[in-house]
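The sequence shown begins at 37 in the numbering used here and counts up one residue at a time.
Ideal Cβ placement from N, Cα and C applies to all residues, glycine included.
Bear in mind that the values here come from a model prediction, so they are computed numbers and not experimental data.
Written out below as structure tokens is the structure these notes cover.
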Amino acid sequence: MGRRLLPGGGRGRDEAVVAMSDAVRDGERGASGESRDDAGADSHEIDARPPTVAIAASLAAAGVAATAASVASPTGGALLGVAALGFLGGSLRGSARVLTWGAAVGVVGLALAGYRGAPPEALLVAAVGLAVAWDVADHGVGLGEQVGRGARARRNVAVHAGSGLLVGALAAGLVYGVTLAVGGGQPVAALALLLAGGIALISALR
């Protein structure tokens, strides 16, 4: 004996099934959308490396320092070249310690160039270049940690490097004047003044 069909009963069940199916599909779409959002958030994590422009500016300043020191002492210039490599490695690794090691090697190169009789002008140019290179590299590491490598930092780096160069030029002029006034005829005294001025300049920029 067949079952009695209630009028409209099948249509109601069909509508209920369709509604449940739509709800399931909406839930799946919502879950997949959240998964895509999470994946997108993961894929847009900040790259903490320094901006490329900061690395390039640091290497340019270090290159000027190495060239100036090489005038009287190829070995001193080579040590400043090693300092440039230290700045590059410290920037890529985001390590202030490596930057400090690079600066220390550069100071040794300056001392050696001065001991070998480099002109005060060349030593001052090398000292300013070393200090600016170190300062810009350290600034780049800070920018990478704060805003990431993809941020528009060209203007920021240019202003920072320009300010450091201006301060360095003023300090170098002051040290050069003192060297001419006090260190004339006394190479050791002149070298001591130059090194003291270089250390003070680096400390001021840091």
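**Buried/exposed call for Val195, threshold 16 Cβ in 10 Å** = Taking the sequence shown and counting its residues from 1, one reaches residue 195 at position 159. Exposed: under 16 other Cβ atoms inside 10 Å.
**Message:** Buried or exposed, going by whether 16 or more other CB atoms sit within 10 Å of the CB of Arg85?
**Reply:** For the purposes of this step, residue 85 is taken as residue 49 along the sequence shown, with counting starting at 1. By the neighbour-count rule (16 or more Cβ atoms within 10 Å), Arg85 is buried.
**Asked** Mapping DSSP to helix, strand and coil, what is Leu116?
**Response** Along the sequence shown, read from residue 1 onward, the residue named residue 116 stands at position 80. Three-state DSSP puts Leu116 in a helix.
**Prompt:** If you check the beta carbons only, do Leu146 and Gly112 fall under 8 Å apart?
**Reply:** Here the question's residue 146 lines up with position 110 in the sequence shown. Here the question's residue 112 lines up with position 76 in the sequence shown. Inclusion of Leu146 and Gly112 in the CB contact set at 8 Å is warranted, their separation being smaller than that value.
**Request:** With DSSP collapsed to three states, give me the class of Val107.
**Result:** To locate residue 107, count along the sequence shown from 1; it is residue 71. In the displayed model, Val107 falls within coil according to three-state DSSP, outside both helix and strand.
**Asked** Exposed or buried, which one is Gly82 when buried takes at least 16 other CB atoms within 10 Å?
**Response** Within the sequence shown, the letter at position 46 stands for residue 82. The sequence given here places Ile at residue 82; Gly does not occur at that position. Ile82 is exposed by the Cβ-count criterion.
**Asked** Exposed or buried, Ser199, counting other C-beta atoms within 10 Å across all chains shown (16 or more means buried)?
**Response** Here residue 199 refers to the residue found at position 163 when the sequence shown is read from its first residue. Exposed: under 16 other Cβ atoms inside 10 Å.
**Message:** Tell me the rounded alpha-carbon separation between Leu210 and Leu160.
**Reply:** Reading the sequence shown from its first residue, position 174 is the one you call residue 210. Reading the sequence shown from its first residue, position 124 is the one you call residue 160. Each residue's Cα considered, the two are about 11 Å apart.
**Request:** Rounded to whole angstroms, what's the CA-CA distance from Val214 to Val183? Just pull it up for me.
**Result:** Here residue 214 corresponds to residue number 178 of the sequence shown, with the count starting at 1. Here residue 183 corresponds to residue number 147 of the sequence shown, with the count starting at 1. Going by the C-alpha atoms only, they are around 42 Å apart.
**Asked** Quick one: Cα of Leu148 to Cα of Glu181, how far?
**Response** The sequence position of residue 148 within the sequence shown is 112, counting from 1. The sequence position of residue 181 within the sequence shown is 145, counting from 1. Roughly 35 Å separates the two Cα atoms.
**Item:** Under the three-state DSSP convention, the category Gly153 falls into
**Value:** For this step, residue 153 is matched to residue 117 along the sequence shown. For Gly153, the secondary structure class from DSSP, reduced to helix, strand or coil, is coil.
**Ala75 in three-state terms, based on DSSP** = Counting from 1 along the sequence shown, the entry for residue 75 is found at position 39. Because the pLDDT of Ala75 is 41, which lies under 50, any placement of that residue in the model is unreliable, and the number read from its coordinates should be weighed accordingly. Ala75 carries a helical assignment under DSSP once its states are collapsed to helix, strand and coil.
**Contacting residues, own chain, Cβ-Cβ under 6 Å from Ala139 (five flanking each side not counted)** = Reading the sequence shown from its first residue, position 103 is the one you call residue 139. Here the set comprises Trp170.
**Request:** For Ser94, I'd like the list of residues in its chain whose CB is within less than 7 Å of its CB, leaving aside the five on either flank, ordered along the chain.
**Result:** Taking the sequence shown and counting its residues from 1, the one referred to as residue 94 is at position 58. Here the set comprises Phe123, Ser127, Ala169, Val172, Ala173, Gly176.
**Asked** Of the residues Leu206, Glu157, Arg188, Asn192, which one's Cα is nearest the Cα of Leu216?
**Response** Against the sequence shown, residue 216 aligns to sequence position 180. Minimum Cα distance to Leu216 is reached at Glu157.
**Prompt:** Would you say Pro155 and Val100 are within 8 Å of each other, going by their C-beta atoms?
**Reply:** Here residue 155 refers to the residue found at position 119 of the sequence shown. Here residue 100 refers to the residue found at position 64 of the sequence shown. Going by C-beta atoms, Pro155 is not nearer than 8 Å to Val100.
**Asked** Any heavy atom of the ligand NAP within a distance shorter than 7 Å of the CB on Ala205?
**Response** The ligand NAP is not among the ligands present in this structure, which contains no ligands whatsoever.
**Request:** Note down, in chain order, each residue of its chain lying with its Cβ closer than 7 Å to the Cβ of Ser109, except the 5 sequence neighbours on either side.
**Result:** Taking the first residue of the sequence shown as 1, we reach residue 109 at position 73. Close CB contacts of Ser109 within its chain, under the 7 Å cut and outside five residues either way in sequence, are with Leu148, Ala149, Arg152, Ala154 (chain order).
**Prompt:** Would the beta-carbon of Val141 fall within 8 Å of that of Leu115?
**Reply:** Within the sequence shown, residue 141 is the residue found at index 105, counting from 1. Within the sequence shown, residue 115 is the residue found at index 79, counting from 1. Contact annotation: Val141 and Leu115 have beta-carbon atoms nearer than 8 Å.
**Item:** Leu201 classed as buried or exposed, judged by whether at least 16 other C-beta atoms fall within 10 angstroms
**Value:** Locating residue 201 in the sequence shown gives position 165, where the first residue counts as 1. Counting the other Cβ atoms within 10 Å of the Cβ of Leu201 gives 16 or more, which makes it buried.
**Prompt:** How is the alpha helix (DSSP H) around Val183 delimited, first residue to last?
**Reply:** Locating residue 183 in the sequence shown gives position 147, where the first residue counts as 1. Judged by DSSP secondary structure, Val183 falls outside any alpha helix (DSSP H); it is assigned neither H nor E.
**Message:** With the cut-off set at 8 Å, would you say Val193 and Ala90 are in Cβ contact?
**Reply:** Position 157 of the sequence shown holds residue 193. Position 54 of the sequence shown holds residue 90. Cβ distance < 8 Å, so Val193 and Ala90 count as in contact.
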